[in-house]
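Letter by letter, the sequence shown follows residues 409 to 695 in this note's numbering. Ideal placement from N, C-alpha and C gives every residue a C-beta, glycine not left out. Here the structure is laid out as structure tokens; the discussion comes afterwards.
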Amino acid sequence: MEPTFKVIADLFQVPQAEDLEVLESGRKRHGDNSEESRELGKQSLNQGDYATALRHFREAVENRDPNDIESLIDLGGAYEYGDEYPQALRQYEKALRANEEATEPILGVADLYKRYGRFNDAILKLEEAVERQPGNAFNRIKLAETLRDARDRKRALVAAQGAILAKPDEAYYHYWTGDLLIEMERYNEALEYLRAALELSPGDDFLYLRTTVAFWCAGRKVEAIKSLRLASDLDPEKHFYHGLLGILYEETDQSEEAKLESERAAKMDRYDHDLLSRLLIEMKIEL
409 MEPTFKVIAD LFQVPQAEDL EVLESGRKRH GDNSEESREL GKQSLNQGDY
459 ATALRHFREA VENRDPNDIE SLIDLGGAYE YGDEYPQALR QYEKALRANE
509 EATEPILGVA DLYKRYGRFN DAILKLEEAV ERQPGNAFNR IKLAETLRDA
559 RDRKRALVAA QGAILAKPDE AYYHYWTGDL LIEMERYNEA LEYLRAALEL
609 SPGDDFLYLR TTVAFWCAGR KVEAIKSLRL ASDLDPEKHF YHGLLGILYE
659 ETDQSEEAKL ESERAAKMDR YDHDLLSRLL IEMKIEL
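As structure tokens, then:
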């Protein structure tokens with residue numbers, strides 16, 4: 409029988425808190441079952457109380473059904489949150505041994521490999537997850553993200569397109585693919601995916617900004633300005649949009665419009681200026 413966390417704590421002489429049933433705040437100190445301990449752990453983690461979250465997740469593992477791997481995954485995630493990667497990896501591997509068909513612990517292991525810079529190992533793990541659950545779009549986009557981080561954009565594109573096929577109504581997958589195609593300087597193709605993303609999420613000003621970049625780089629400057637106008641209309645308080653509009657008007661010899669936007673951009677802060685500088689480099693605009 410596997411030793412409990414209390415036995416291990418006693419072995420290393422880790423001080424244990426008093427067994428109070430309820431904290432002064434009214435929040436229970438111990439869950440009555442595995443599920444309640446998991447919920448208490450999530451609450452503690454959301455509040456930034458890492459030590460308490462670990463205790464709850466450990467109790468959830470102690471009381472879990474042998475076929476339930478969620479508590480092990482939660483505990484692994486808590487260790488990962490606290491940058492205790494070897495301990496996190498151990499919990500994910502336990503979850504895999506408990507349920508060889510599950511993919512959630514595979515994603516956890518892959519994420520840890522990425523953190524260590526072991527991209528090839530992470531990719532192999534994610535490909536395993538995709539093979540186990542071909543219809544799982546999330547696994548496919550995680551593979552795409554890892555391939556992109558590894559600078560393998562062509563394979564990342566294929567994985568992202570697979571995610572879209574598995575879940576075509578998810579705006580993020582269309583946006584992500586469009587953004588990748590911008591990075592690959594395939595701007596007209598990027599616009600096709602960004603259009604799909606906007607049709608699914610028409611109120612997202614950020615999507616219009618990325619569409620602006622694709623239009624501009626594709627040589628469609630009128631559409632680029634129109635797209636940026638829509639972004640600004642959706643969030644008039646983003647002074648950054650006025651700064652970029654002013655520059656785009658200058659670039660297209662619309663001096664009066666540029667002057668008006670530049671006046672509105674006077675409220676840009678340091679973050680806005682940094683973002684603007686990076687975007688101008690991406691759009692190949694030299695001032």
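Annotation: residue 540 to residue 500 spans about 17 Å, alpha carbon to alpha carbon. In this structure, residue 617 keeps its C-beta atom at 8 Å or more from the C-beta atom of residue 588. Judged by DSSP secondary structure, residue 657 falls within the alpha helix (DSSP H) whose first and last residues are 647-659. The three-state reading of DSSP puts residue 629 in helix, counting H, G and I together. For residue 497, the closest alpha carbon among the candidates 510, 516 and 512 is that of 516.
Contact fails between the region 664-671 and the region 589-604, because fewer than three Cβ pairs, one in each stretch, are under 8 Å apart. Nearest Cα to residue 628 within the set 660, 611 and 640: 660. For the pair residue 615 and residue 648, the CB atoms are not nearer than the 8 Å cut-off. Sixteen is the threshold: since fewer than 16 other Cβ atoms of the shown chains lie within 10 Å of the Cβ of residue 681, the residue is exposed. Secondary structure at residue 513: helix, using DSSP grouped into helix, strand and coil. A straight-line Cα-Cα distance of about 27 Å links residue 521 and residue 578. In this structure residue 679 is exposed. Its beta-carbon is surrounded by fewer than 16 other beta-carbon atoms within 10 angstroms. With respect to the 8 Å criterion, residue 550 and residue 534 are classified as neighbours on the basis of their beta carbons. About 4 Å separates the Cβ atoms of residue 604 and residue 582, confirming a contact at the 8 Å cut-off.
Judged by DSSP in its simplified three-state form, residue 524 adopts coil rather than helix or strand. Between the alpha carbons of residue 565 and residue 621 lies a gap of roughly 19 Å. For residue 484, the number of other beta carbons within 10 angstroms of its own is at least 16, and it is reported as buried. When DSSP assignments are scanned along the region 573-627, the uninterrupted stretches of alpha helix (DSSP H) that are 4 or more residues long and fall wholly within it turn out to be 579-591, 595-608 and 613-625. Beta-carbon to beta-carbon, residue 624 and residue 676 are separated by about 20 Å, too far to satisfy the 8 Å threshold. The continuous alpha helix (DSSP H) containing residue 689 extends over residues 678-690. A distance of 8 Å or more separates the beta carbons of residue 537 and residue 554.
Short of 6 Å from the beta carbon of residue 507, and not among the five residues preceding or following it, lie these beta carbons of its own chain, in chain order: 477. Contact between residue 619 and residue 599 holds, with the beta-carbon distance rounding to 7 Å and staying under 8 Å.
When secondary structure is reduced to three states using DSSP, residue 492 falls in the coil class, being assigned neither helix nor strand.
In terms of CA proximity to residue 486, 457 leads the group 457, 510 and 655.
Comparing alpha-carbon positions, the option among 455, 558 and 448 lying closest to residue 463 turns out to be 448.
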